[in-house]
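Protein sequences, first through last, are from chains A and B.
First residue of the first sequence: 12, per the numbering used here; consecutive thereafter.
First residue of the second sequence: 12, per the numbering used here; consecutive thereafter.
Ideal placement from N, C-alpha and C gives every residue a C-beta, glycine not left out.
None of these values were measured; they are calculated from a predicted model.
Okay, structure first, notes after.
There are 2 protein chains.
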Amino acid sequence: MTGPLPPPAEPGMLLDRVDTPALLLDLDAFETNLESMAREARSAGVRLRPHAKSHKCPEIARRQAALGAVGVCCQKVSEAEVFVAGGIQDVLVTNEVVGDVKLARLARLARSARVGVCVDDLTQVEALARAAQAADKELDLWVELDVGANRCGAGTGEAVLSLASAITSRRGLRFAGLQAYQGSAQHLRTPEERRAAITEAAARVRAAVALLEEAGFETPLVTGAGTGTWELEAASGAWHEVQPGSYVFMDADYGRNLGEDGRPVHRFRQSLFLLATVMSRSAPGRAVVDAGLKAHSVDSGMPLVDGIPGADYTRVSDEHGVIELSGPGDLRLGDKVRLVPGHCDPTVNLHDWLICYRGDQVEAVWPIAARGAFY
Amino acid sequence: MTGPLPPPAEPGMLLDRVDTPALLLDLDAFETNLESMAREARSAGVRLRPHAKSHKCPEIARRQAALGAVGVCCQKVSEAEVFVAGGIQDVLVTNEVVGDVKLARLARLARSARVGVCVDDLTQVEALARAAQAADKELDLWVELDVGANRCGAGTGEAVLSLASAITSRRGLRFAGLQAYQGSAQHLRTPEERRAAITEAAARVRAAVALLEEAGFETPLVTGAGTGTWELEAASGAWHEVQPGSYVFMDADYGRNLGEDGRPVHRFRQSLFLLATVMSRSAPGRAVVDAGLKAHSVDSGMPLVDGIPGADYTRVSDEHGVIELSGPGDLRLGDKVRLVPGHCDPTVNLHDWLICYRGDQVEAVWPIAARGAFY
Chain A
12 MTGPLPPPAE PGMLLDRVDT PALLLDLDAF ETNLESMARE ARSAGVRLRP
62 HAKSHKCPEI ARRQAALGAV GVCCQKVSEA EVFVAGGIQD VLVTNEVVGD
112 VKLARLARLA RSARVGVCVD DLTQVEALAR AAQAADKELD LWVELDVGAN
162 RCGAGTGEAV LSLASAITSR RGLRFAGLQA YQGSAQHLRT PEERRAAITE
212 AAARVRAAVA LLEEAGFETP LVTGAGTGTW ELEAASGAWH EVQPGSYVFM
262 DADYGRNLGE DGRPVHRFRQ SLFLLATVMS RSAPGRAVVD AGLKAHSVDS
312 GMPLVDGIPG ADYTRVSDEH GVIELSGPGD LRLGDKVRLV PGHCDPTVNL
362 HDWLICYRGD QVEAVWPIAA RGAFY
Chain B
12 MTGPLPPPAE PGMLLDRVDT PALLLDLDAF ETNLESMARE ARSAGVRLRP
62 HAKSHKCPEI ARRQAALGAV GVCCQKVSEA EVFVAGGIQD VLVTNEVVGD
112 VKLARLARLA RSARVGVCVD DLTQVEALAR AAQAADKELD LWVELDVGAN
162 RCGAGTGEAV LSLASAITSR RGLRFAGLQA YQGSAQHLRT PEERRAAITE
212 AAARVRAAVA LLEEAGFETP LVTGAGTGTW ELEAASGAWH EVQPGSYVFM
262 DADYGRNLGE DGRPVHRFRQ SLFLLATVMS RSAPGRAVVD AGLKAHSVDS
312 GMPLVDGIPG ADYTRVSDEH GVIELSGPGD LRLGDKVRLV PGHCDPTVNL
362 HDWLICYRGD QVEAVWPIAA RGAFY
């Protein structure tokens, strides 16, 4: 009795018959987002390696690849395994991976695909070399540079140089370039703040690259950037490859980023929705829906209620969401409500199925095959 | 390529070989919690119907039943299905259930077990009667009374009476009693606040019961209460059955509840931990672990770092947790860290396996079979 429940919908079903809570994908918006990003990255002259941690869905990764993506990013080895099994030939784990069990799996995966991983510590270079040699394969090692996120990554150009030198001296390892992701810049609200953060990040990248070149390394490939800032990285000329993930779906938190005109940026369309049902209308001005903490993540704030003026999702518990009705919009018992999740990535990770629709009809049901793949 | 990944451990393995992130259950603490609650509920003279939404694990439900629980509570029909399939004979869905598909499944489930569900709307009584009649089974209907949580539930004794009358007049339905859960009282920090909330809740229960008795109903069973307040409900005499869930595991948020002496209540032991690995130590005073938003829920605050003085989990992203080290405790790359989750219920729902250990050894691996069962 393990494994996912059957999907809450099947192709051909009308949207209002879908069981809830269900994660909906508006295919028109989704396809527009995929095409826009592919076209814009191409015209900006950068390689596109979308982050698959957002969608965890091999079907989406294959569509990104078909539109020209060079491969995908993942955060974990088990995610990478799912995408390689799903036909993706080039996977970069944009993260440090520690522990012999995981490293052995990562190196074995290099038998079926090009596999990259990040390092920020010399002992990891040794451990990865042993794993690659044991699997008799070569791994791409990307030196992570901390460009302002204060999370992982080498803190100085000297540390980068020392790691790159260690990598090139080990059989089984290839120095692939720099991972330089300014994660904390993605949700800075104003374009000035985002520009300042990426200007600073670019300076750190250039300093590290200059040190590498002085030491005789070829100019390395630099990869990084997310949905909130990727145009800045691309325009800087310091990055060769961008890693946006959320652009596929968007969410309420990204919806709060402002553009040059002081209004929310709507560069990509909201394609992801959580369908919920009103299960209680016992008090005036309050509707309770069947989607709570176990169906969406509130780490970046509450979801928005789509298309119902004056309806605010104000309180959440495990399986309840309280919507306050203070405007002209009303909700009756049994009504279906579309919510815009606060944060798309951890919300998708709560679901086993993506219910893809066009108009009022379900067109496909895609497994979120890497759901729970956090090893 | 759907279904859970293989478990990160197997019985007999030493704890420090368990892959991470992994959800650990300290069996000694867990068994103590199960036995304490069973004994105390018995001595308080109330029936115990633990809430299985916390653990989603049939093995745990069977152990609760073996210690005298009358059955379990669930929040969703699909959860109830998992527990009935797991051998539980009496399941109460402590929630309103809306939609024909769900109601038909619920009524079919009554062929295999005693099944209860809550109502707070007359149209639901009709819909449930149709479903019960179609399945040719009887359902227990509990009228939910709002006792201060301002979520679901009838707001007045008159509304309760009207629902109870409708239930008794329909074939296939049995009026089982009142669901009266003061969810928002569970994490009030001081005993005075919790006592005031439950005193008010008890007054609402007594008023509704008095109206029912005046109208000729037998005194109905009253069920409700959680880990934070159940002793108050039991002591009030107004409840006959209690529904604690989190007592099995506990979490950082419950750890902030204060007792009469002004110090944290430690009535139950912390048995649930998230095992994580340090994957980056690239900056002084900062360790980054491999457990982020996809391995634990931060809706009620950050997790605590167990047993490392001065270590604070301060920032979270999808697959990263930043631990600041400001005390004597240190962490090296590759070290395993035990985290106390901020909120147990939604954290458990992110995992497919519970790694049960005693001392330093894994004793069992239990499937969290109702993980993702939110339909």
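- Close to LEU269 of chain A, with beta-carbon spacing below 9 Å, lies no residue of chain B; the smallest spacing is near 22 Å.
- Not flagged as an interface residue toward chain A: ASN44 of chain B, since no C-beta distance is shorter than 7 Å.
- Proximity of LEU199 of chain A to chain B, defined by a Cβ-Cβ separation below 7 Å, is not satisfied.
- Looking from the CA of LEU199 of chain B, the closest CA among B:ALA384, B:GLY97, B:ASN268 belongs to B:ASN268.
- For LYS148 of chain B and ARG141 of chain B, the gap between their C-alpha atoms comes out near 11 Å.
- Against chain A, the beta carbon of PRO19 of chain B has neighbours under 8 Å at TYR386, listed in chain order.
- Separation of PHE279 of chain A and LEU336 of chain A (C-alpha to C-alpha, rounded to the nearest whole angstrom) is 28 Å.
- As computed with DSSP, SER291 of chain A is found in a beta bridge with A:VAL299.
- Shown here, TYR324 of chain A sits in a strand according to DSSP, grouped into three states.
- Nearest in C-alpha terms to ARG162 of chain B, of all of A:GLU229, A:GLY303, A:ALA160, is A:GLY303.
- Remark: three or more beta-carbon pairs, one from each stretch, lie closer than 8 Å, so the segment 172 to 186 of chain B and the segment 219 to 238 of chain B are flagged as touching.
- ASN44 of chain B sits in a helix when the DSSP states are folded into three classes.
- Along the segment 113 to 147 of chain B, the positions whose C-beta sits under 8 Å from a C-beta of chain A are LYS113, ASP131, ASP132, THR134, GLN135, read in chain order.
- Within the segment 203 to 251 of chain B, the runs of beta strand (DSSP E) that reach at least 3 residues and sit entirely inside it are, in chain order, 232 to 235.
- In this structure, LEU243 of chain B lies away from LEU350 of chain B, with their beta-carbon atoms at least 7 Å apart.
- Contact note: SER173 of chain A does not reach chain B at a C-beta cutoff of 9 Å; the least C-beta distance is about 12 Å.
- Annotated as distal: GLY266 of chain B and GLY312 of chain B, with beta-carbon spacing of 7 Å or more.
- Note that the C-beta distance between ALA219 of chain A and VAL171 of chain A is below 7 Å.
- Using a CB distance cut-off of 7 Å, THR325 of chain A does not count as an interface residue toward chain B.
- Under the three-state reduction of DSSP output, TYR192 of chain B falls in the coil class, being neither helix nor strand.
- Residue burial annotation: LEU361 of chain B is buried, with at least 16 other C-beta atoms found within 10 angstroms of its C-beta.
- Under the 7 Å criterion on CB atoms, ARG162 of chain B is classed as interfacial with respect to chain A.
- Just so you know, the alpha carbons of TYR368 of chain B and ALA375 of chain B end up roughly 7 Å apart.
- Taking C-beta atoms under 8 Å as the contact rule, GLY256 of chain B and LYS67 of chain B fail to qualify, at a distance of about 10 Å.
- Interface criterion not met: the Cβ of ALA219 of chain B is under 7 Å from no Cβ in chain A.
- TYR265 of chain A sits in a helix when the DSSP states are folded into three classes.
- Between ALA381 of chain A and VAL93 of chain A, the gap from beta carbon to beta carbon is short of 7 Å.
- Taking the Cβ atoms as the reference, CYS84 of chain B lies roughly 6 Å from ARG60 of chain B, within the contact range of under 8 Å.
- In summary, THR288 of chain A is buried, with 16 or more beta-carbon neighbours lying within 10 Å of its beta-carbon over all protein chains present.
- Nearest in C-alpha terms to ARG215 of chain A, of all of A:GLU204, A:GLN190, A:ASN106, is A:GLN190.
- Considering only beta carbons, the part of the segment 44 to 64 of chain A lying closer than 9 Å to chain B consists of LYS64, in chain order.
- Interface with chain B (7 Å Cβ-Cβ cutoff): ASP310 of chain A is included.
- CA-CA distance, PRO202 of chain B to SER195 of chain B, rounds to 14 Å.
- According to the DSSP assignment, CYS129 of chain B belongs to the beta strand (DSSP E) that extends over 125 to 130.
- Annotation: Cβ neighbours of VAL333 of chain A in chain B (cutoff 8 Å, chain order): ASN161, ARG162.
- Straight-line spacing of the CA atoms in ILE379 of chain A and ARG28 of chain A works out to 21 Å.
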